[in-house]
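Peer 1: Top line first, the protein sequences correspond to chains B and E. Per my numbering, the first sequence starts with residue 102, numbered consecutively. Per my numbering, the second sequence starts with residue 164, numbered consecutively. Beta carbons: idealized from backbone N, C-alpha and C, even for Gly. In this text, all values refer to a predicted model and were calculated from it rather than measured experimentally.
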Amino acid sequence: MKFSIERGALLKAVGQAQSVVERRNTIPILANVLIEAEGEGVSFRATDLDIEVVDKAVAHVERAGATTVSAVTLHEIVRKLPDGALVTLTDDSATGRLTVEAGRSNFSLATLPKEDFPVMASSEYSSNFAAPAPVLRRLFDKSKFAISTEETRYYLNGVYMHVSDGEGGRVLRCVATDGHRLARIDADLPEGAETMPGVIVPRKTVGELRKLLDDDDVQIAVSVSETKVRFATPDITLTSKVIDGTFPDYTRVIPQGNSRKLEVDAAEFAKAVDRVATVSSERSRAVKLALDEDRLILSVNAPDAGAAEEELAVAYADERLEIGFNAKYLLEIASQVDRENAVFLFNSAGDPTLMREGNDTSAVYVVMPMRV
Amino acid sequence: MPALCRNCLSQIDPAPRCPHCNSPRVIAHDELFALSIAHMDCDAFYASVEKRENPDLADKPVIIGGGRRGVVSTACYVARIRGVRSAMPMFKALQLCPDAVVIKPRGSLYAKVSKEIRAMMNDLTPAIEPLSLDEAFIDLTGTARLHGAPPAVMLARLIKRMESELGISGSIGLSHNKFLAKIASDLDKPRGFAVIGQAETLDFLEPKPVRLIWGVGGSTGQALERAGIRTFADLRRWDKQDLHARFGNMGDRLWHLARGQDHRRVSPDSPIKSISHETTFDTDTSDPDILDGHIWRLAEKVADRAKARDLAGRVVVLKLKRADHSAISRRISLPDPTQMTDRLYRTAHDLFAQVGKQGPYRLIGVGLSDLRPAAEADRSGDLLDPQARKRAEAERATDTIRSRFGKDAIVKGRALR
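Here it is in structure tokens:
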């Protein structure tokens, strides 16, 4: 195998591959990236056995072939090469080394046989559809903060992507929760997605997927089966197993009858929460919200560390209410709001609170209060 | 050389017998009146308390421990002569000593006596660090003027008071740091008084096995052995850097201990690090229903103690021992601390489900660590478990009833399995 490629293109392709590779793993081949050169291009493939990413790049291929080499090392080398350099990769099957040449730099890397590289079994996808990158970006960006890290409830360690009924008809919906907060984000149902089975996309996959979604003009080809999900741009294909479990019935968690409505500027609110929470030294910092007519007082009282209070002008017309929340959860939820005011709907100090952006029900958040 | 009669507490010249009371209990040491860090360890504490409560037992072998399948918690000295040791399986102890009187431990009674002993120690100094019900470090540095007598005299007086007022005997180890004081208290048991001075520290340690170090048991002991370290002499041959490289922070500590150095202070209120309970079964079991019942009961005991001390924990630990004594331990961190039986039980139950069918088991234990103040506990509910709030309210109500009418006033059906 021998090919030459521009440093920038190589860095992008190897970068995507090396981020999938598990840093701590005991199977040597899984630390490697499989490089395959053929025709007009080269593909870089990496896997952790749950996720597989294949990144294609255009290159000048002199001799077709394939080999595997440490993904992290190759990435580090390419990263340190000067911008605009032309990099030549040559595989010497006699010595079992891969030579990386750029200008006057020359590297020789140990390889492992390509036959040992595990390739994820291809599967039948029951549903295939295309979705614009910004749509998927919104679905996952606004839900991923609520993904749980709890091992015992492994089925919460991802985003539940499924088809459901929204206010304006069928929607593509992403839900994530850790039992303390929940995010439910809807998007118009793309054509061809109606039959999609609901799948739990693992946290790591969500992180890798995000790298495919930066370009607003790209259409993402999405394929879904009961056990796998695939996202593809023209260059990159990300295939992942989904979490084998049943996502809990979240619909009964979303409060329907909360009537006490607070409307507040989300950015002002988030800043104020952040400020008052500073005095608390506890691991889970509790913020108390005291609501009175058009007035919100945020306060933190940490007996050992100090106290803080801040008043905000808000729109609130219901009876007095005092309710506590974990400051971190409030901040994360408030930071999801980007266009309009944040609308909070409360019931009592012990019941889940609902938050949405203005009157938009395509993104709703639920947060559990905290005893203060 | 200064000397002390432990019988009449007079400071005398070294002699085989006290010139005042003719007692042979004379202790003489060059540094006797200069040393001030002590470790007091009661002799066969639980057994002594039981013998005090029931004088008929005085000359009988007494073993404290649970059930036929349990282990020996304490054996009195009569039983020890027959070879019974603590932590020995009960069946083995009974083989060695078939006429032993086996008594189930009565925790609250021992705690009461322990409190009385602690009050006596408190008369000497507030710098007491209890290690358990029956042993404590005592730092008497700088108290000679106050008491009008050197530490050694005050310690001998303490033991005398314990014997006469409480009927409990104890042994004293006196040295210049905690590490050596703890070793010393074990040298001359029972009713002992042993001194390790600065001058002989190194010679004393030289031939001793490193397993003498508190905390160097199973795995650390094996790791040391693999490195060819059996005695303190072996340990002292190692460079500080090498020990650190091989054993991490423990290595630094080993380097100092090898030289008889221990800079830890006697700290009166060293916080509790964890709360746990375990039980050994009469017969090994892999029956999930039976085990589940035990998990509930243990969770309840742990939660009771956490509530009594106003503590909550973030890490739940489940411990299992198989028939061949191999142990399994699983832990999990909760998003926020808890002191509720319900959450503790559910978490331990989930951990048990993860461990699965590796039984039969002979022991099960439930614990709570990463302790925090109760005010931080159980403050937020679970969206996905709306019933949790009701169960928590029920538990609080149950606690109120139990605190008024006794622990058995109200019991979960689950606890009866």
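#1: On a Cα-Cα basis, can you pick out the residue from E:His339, E:Lys223 and E:Glu279 that is closest to Arg324 (chain E)?
#2: In chain E, which residues lie less than 9 Å from Val467 (chain B) when you measure between Cβ atoms?
#3: Work out the CA separation of Val235 (chain E) and Arg525 (chain E) for me, nearest whole Å.
#4: Here's a check: name, in chain order, each residue in its chain whose Cβ is nearer than 7 Å to the Cβ of Asp393 (chain B), leaving out the five neighbours to either side.
#5: Run through chain B and tell me which residues come within less than 9 Å of Asp351 (chain E), C-beta to C-beta.
#6: Excluding the 5 residues flanking Arg245 (chain E) on each side, which residues of the same chain have their C-beta closer than 7 Å to its C-beta?
#7: Can you check whether the CB of Arg146 (chain B) is closer than 8 Å to the CB of Ala118 (chain B)?
#8: Counting only beta-carbon separations shorter than 8 Å, does Ser173 (chain E) have a partner in chain B?
#9: Given this structure, state the Cα-to-Cα distance separating Tyr466 (chain B) from Ala114 (chain B), to the nearest angstrom.
#10: If distances are taken between C-alpha atoms only, which option among E:Cys181, E:Gly229 and E:Asn217 comes closest to Thr443 (chain E)?
#11: What does the Cβ neighbour count give for Leu531 (chain E), buried or exposed, with the cut at 16 atoms within 10 Å?
#12: Consider the Cβ of Asn474 (chain B): report whether some Cβ of chain E lies at a distance smaller than 8 Å.
#13: Taking only the alpha-carbon atoms, compute the straight-line gap between Ala132 (chain B) and Glu177 (chain B) and give it to the nearest angstrom.
#14: Please return the same chain residues whose Cβ sits closer than 7 Å to the Cβ of Ala443 (chain B), not counting the five positions on each side in sequence.
#15: Express the C-alpha separation of Asp450 (chain E) and Gly456 (chain E) in angstroms, rounding to a whole number.
#16: Using the C-alpha atoms, what's the distance from Gln385 (chain E) back to Leu368 (chain E)?
#17: State the Cα-Cα distance for the pair Thr446 (chain E) and Ala462 (chain E), rounded to the nearest angstrom.
#18: Tell me whether the stretch 259 to 268 of chain B and the stretch 304 to 316 of chain B touch, counting them as touching only if at least three CB pairs, one residue from each stretch, are closer than 8 Å.
#19: Considering only residues of the stretch 308 to 386 of chain B, which uninterrupted beta strand (DSSP E) runs meet the minimum length of 3 residues and lie entirely inside it, listed in chain order?
#20: Answer yes or no: do Ser439 (chain E) and His202 (chain E) have a C-beta to C-beta separation smaller than 8 Å?
#21: With distances taken between CB atoms, is the gap from Leu166 (chain E) to Leu195 (chain E) smaller than 8 Å?
#22: Curious, which full-length alpha helix (DSSP H) runs of at least 4 residues does the stretch 402 to 468 of chain E contain?
#23: What residues match up with Ile190 (chain E) in a beta bridge as DSSP calls it?
#24: May I have the straight-line CA-CA distance separating Val401 (chain B) from Asp499 (chain E), to the nearest angstrom?
#25: Report the three-state DSSP secondary structure of Pro291 (chain B) (helix, strand or coil).
#26: Mind pulling the chain B residues with CB within less than 8 Å of Asp513 (chain E)?
#27: Is there at least one Cβ from chain B nearer than 8 Å to Pro498 (chain E)'s Cβ?
#28: So which residues of chain E does Met471 (chain B) contact, with C-beta pairs closer than 8 Å?
#29: Which residue marks the beginning of the alpha helix (DSSP H) containing Pro235 (chain B), and which one marks its end?
#30: Between the stretch 285 to 297 of chain B and the stretch 376 to 385 of chain B, do at least 3 Cβ pairs fall closer than 8 Å?
#31: For Ala554 (chain E), I'd like the list of residues in its chain whose CB is within less than 7 Å of its CB, leaving aside the five on either flank, ordered along the chain.
#32: Among B:Gly407, B:Met297 and B:Arg254, which has the Cα closest to the Cα of Arg62 (chain B)?
#33: Spell out whether any CB of chain B is found under 8 Å from the CB atom of Arg552 (chain E).
#34: Consider the Cβ of Ile491 (chain E): report whether some Cβ of chain B lies at a distance smaller than 8 Å.
#35: How would you call Asp217 (chain B), buried or exposed, if buried means at least 16 neighbouring beta carbons within 10 angstroms?
#36: Can you pull the DSSP bridge partners for Asp156 (chain B)?
Peer 2: On the basis of the supplied data:
#1: E:Glu279
#2: Leu546
#3: 15 Å
#4: Arg421
#5: Correct list: empty, because the minimum Cβ distance to chain B is about 45 Å.
#6: Pro224, Leu259 and Cys260
#7: yes
#8: no
#9: 36 Å
#10: E:Gly229
#11: buried
#12: The first residue shown for chain B is 102 and the last is 473, placing residue 474 (chain B) beyond what the model contains.
#13: 14 Å
#14: Val365, Ala367, Phe370, Ala435, Met456 and Glu458
#15: 10 Å
#16: 20 Å
#17: 21 Å
#18: yes
#19: 320 to 325, 329 to 333, 337 to 342 and 361 to 365
#20: no
#21: For the record, residue 166 (chain E) in the displayed sequence is Ala; it is not Leu. Result yes, Cβ atoms of Ala166 (chain E) and Leu195 (chain E) sit closer than 8 Å.
#22: 403 to 410 and 412 to 421
#23: E:Leu167
#24: 18 Å
#25: coil
#26: Thr253
#27: yes
#28: Arg542 and Ser543
#29: Ala234 to Asp242
#30: no
#31: Sequence check: residue 554 (chain E) is Arg here, not Ala. Excluding residues within five positions, the ones whose Cβ falls inside 7 Å are Asp505.
#32: With chain B represented from 102 up to 473, any question about residue 62 (chain B) goes unanswered, as that position is not in the structure.
#33: yes
#34: no
#35: exposed
#36: B:Phe145 and B:Ile337
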